[in-house]
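In what follows, a structure is listed as structure tokens, so that the remarks can point back to it.
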Amino acid sequence: MEGLDHVEYLPEPTDKNIVSAVDPAVVGHQVGWRSEVMGWAPLPAEPIVRTRRRALTATNIMGFAVLVSIGMLLWQNDLLIVDLPLEDSEWAFETIGVRELNQQGLTGEGVRVCMVDTGIEFDHDAFDGKSIQFHDMIGTSTEPREYGVIAHGTLMAGILIADEHQSGVAPNVTFAMVAALQDDGSGKNSGLESDVGDAIRWCQFEFEADIISLSLGGTPSMMNEREGDSVSATRQATDNGIYVVAAAGNDGGPDDDGDVAAPGNVPRAISVGATTRSGGIWENSSVGMRNGDGFTRQSPHLKPEIVAPGHQIISTGNDNRWYTSSGTSDSTVFVAGALALLLEANPLLRPNSQSDGSCIDIVKEALMTSAQSIGQGEGHHPYAGYGLLDAQKWIDSIPSESSC
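Each residue of the sequence shown is one higher than the last, beginning at 406 in the numbering used here.
Printed below as a string of structure tokens:
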């Protein structure tokens, strides 16, 4: 059409046959940054409700009438209502060895973890007694706030720091949340890559994070394209010894573009894929065999590096409820939390003003050698990475007296 020669077209995540017109000339337009993980929002979270059940059993016919009479009185007084326990995802914590470390006294104490997401609904009972540093890049709130359509940030925070019903991986970390994504009005969470880049820098310079957890991502830049702001910020952080754990992406399957999401594609970042309860790779977990920036990756930096549970994970949601969520967002937090336990056990590996990223290489080498095989064969697999996270073995694989 006349006057539209410069317009580009992007396929919609939910239907490849539908495209949206995008004008690259518009100020603020950023190629490929469309939602949490390469355009694919996590699967809709389903609330887990407390099931209430009324039960009455008659053991014999002679006593049935009496039991009915008594039962009616009890029923009228609500005395036969039984609150069944909420479901949990303890299987996920146990699969990766986190609970063994918790029982040994490792809780993330003293480790600083900064999460960039949609914010947090901090009045959930699971966060009672917690403290948090909150930075708002969506609005101007000085109090913790959730901007996500499905409370995505709250879900991720619960996996890490929840203290009620289901304890998080590292509940005693010093925690910060930066709100940089929000409901875009279409039922998805998205944001500007420039905001994500600024959020990563805030985590590094203002909060002084040891670990930055990114359950988000965008399409990586191709060779000869300008590096995205989130990638630049992540590269700067990792070059200064700050650990960045990022989602591999949720575009796995026949339409996978062959690379993990940015900024998890940065060499020293840890890119995380997702597994199911049965131990297989989650069907939408992104592949990482292609390197769009034109450089050859070397171990231990092949993508994704690791996989962790990320299917139907139960965590904190809005309205003080618990939800299920699936995606590499969830698996990312499991790895970030396990890393917090590792740094608690090995404080000399925490970043300092002299750090140059060498300790990240040590930690990633240990991550590679300690991973559990899930049938992917020898070495690295484009979906399974080096294997399934084994938190205990990861710590045990750190060379003695390692320091930055």
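Heads up, the beta-carbon is just placed ideally off N, CA and C, and yes, glycines get one too.
Less than 7 Å separating the beta-carbons of residue 511 and residue 806? By 1-based counting over the sequence shown, the position of residue 511 is 106. By 1-based counting over the sequence shown, the position of residue 806 is 401. Their beta carbons are not under 7 Å apart, which means residue 511 does not touch residue 806 by this criterion.
Out of 617, 660 and 682, state which residue places its alpha-carbon closest to the alpha-carbon of residue 743. As a position in the sequence shown, residue 743 is number 338, starting the count at 1. If we check each option's Cα against that of residue 743, 617 comes out closest.
Go ahead and pull the three-state DSSP assignment for residue 457. Residue 457 sits at position 52 when you count from the first residue of the sequence shown. With a pLDDT of 43 at residue 457, under the threshold of 50, the modelled position of that residue is not reliable, and the figure given next carries that caveat. The three-state secondary structure of residue 457, taken from DSSP, is strand.
Quick check on residue 687: does DSSP put it in helix, strand or coil? To locate residue 687, count along the sequence shown from 1; it is residue 282. For residue 687, the three-state secondary structure derived from DSSP is coil.
Measuring alpha carbon to alpha carbon, tell me which residue in 808, 798, 803 and 585 is nearest residue 503. In the sequence shown, counting from the first residue as 1, residue 503 sits at position 98. Of the candidates 808, 798, 803 and 585, the one whose C-alpha sits nearest the C-alpha of residue 503 is 798.
Restricting to runs no shorter than 4 residues, where is the alpha helix (DSSP H) found entirely within the segment 704–751? Within the segment 704–751, complete alpha helix (DSSP H) segments of at least 4 residues are found at 733–750, given in chain order.
Mark residue 499 as exposed unless 16 or more other C-beta atoms lie within 10 angstroms of its C-beta, in which case mark it buried. Locating residue 499 in the sequence shown gives position 94, where the first residue counts as 1. With a threshold of 16 other beta carbon atoms within 10 Å, residue 499 falls short and is exposed.
What do you get for residue 508, buried or exposed, if any count of 16 or more other CB atoms within 10 angstroms of its CB means buried? Your numbering for residue 508 matches position 103 in the sequence shown. By the neighbour-count rule (16 or more Cβ atoms within 10 Å), residue 508 is not buried but exposed.
Less than 8 Å between the CB atoms is what I'm expecting for residue 643 and residue 679, so what's the real figure, rounded? Walking along the sequence shown from the start, residue 643 turns up at place 238. Walking along the sequence shown from the start, residue 679 turns up at place 274. The pair is not a contact, with the Cβ atoms about 22 Å apart (cut-off 8 Å).
Residue 522 versus 602, 796 and 757, residue with shortest Cα-Cα distance: Position 117 of the sequence shown, counted from the first residue, corresponds to residue 522. With distances taken between Cα atoms, residue 522 lies closest to 602.
Is the beta carbon of residue 827 sitting closer than 7 Å to the one on residue 583? There is simply no residue 827 to check, as the chain begins at 406 and stops at 809 in what is shown.
Give me, in chain order, the residues of the same chain whose beta-carbon lies closer than 8 Å to that of residue 613; leave out the 5 immediate sequence neighbours on both sides. The residue given as residue 613 occupies position 208 in the sequence shown. The answer, listed in chain order, is 517.
Suppose only complete runs of 3+ residues qualify. What are the beta strand (DSSP E) ranges in the segment 581–639, listed by chain order? DSSP runs (the beta strand (DSSP E)) wholly in the segment 581–639: 616–619.
Assigned exposure category for residue 611 - 16 Cβ within 10 Å defines buried: Numbered from 1 along the sequence shown, position 206 holds the residue referred to as residue 611. Per the 10 Å Cβ criterion, exposed.
Using only the heavy atoms of the ligand HEM, determine whether one of them is closer than 6 Å to the beta carbon of residue 685. Of the ligands one can find in the structure shown there are none, so the ligand HEM has no counterpart to examine.
Hey, out of 804, 800 and 772, whose CA is closest to residue 792's CA? Position 387 of the sequence shown, counted from the first residue, corresponds to residue 792. Of 804, 800 and 772, the residue nearest in Cα terms is 772.
Please name the residue, chosen from 645, 519 and 532, that lies closest to residue 759 on a Cα-to-Cα basis. In the sequence shown, the residue the question calls residue 759 occupies position 354. For residue 759, the closest alpha carbon among the candidates 645, 519 and 532 is that of 645.
Got a sec? Which residues, its chain only, sit under 6 Å from residue 755 by beta carbon, not counting five neighbours each side? Here residue 755 is taken as the residue at index 350 of the sequence shown, counted from 1. Contacts found: 615 and 748.
Between which two residues does the alpha helix (DSSP H) holding residue 498 run? As a first step, residue 498 is located in the sequence shown; it is residue number 93 there, counting from the start. Run containing residue 498: 495–500, per the alpha helix (DSSP H) assignment.
Taking Cβ positions, are residue 727 and residue 491 nearer each other than 7 Å? In the sequence shown, the residue the question calls residue 727 occupies position 322. In the sequence shown, the residue the question calls residue 491 occupies position 86. Yes, these two residues count as a Cβ contact at 7 Å.
Helix, strand or coil: how does DSSP classify residue 571 here? Residue 571 sits at position 166 when you count from the first residue of the sequence shown. Here residue 571 sits in coil by DSSP.
With DSSP collapsed to three states, give me the class of residue 527. Along the sequence shown, one-based indexing puts residue 527 at 122. In this structure, residue 527 counts as coil in the three-state DSSP scheme.
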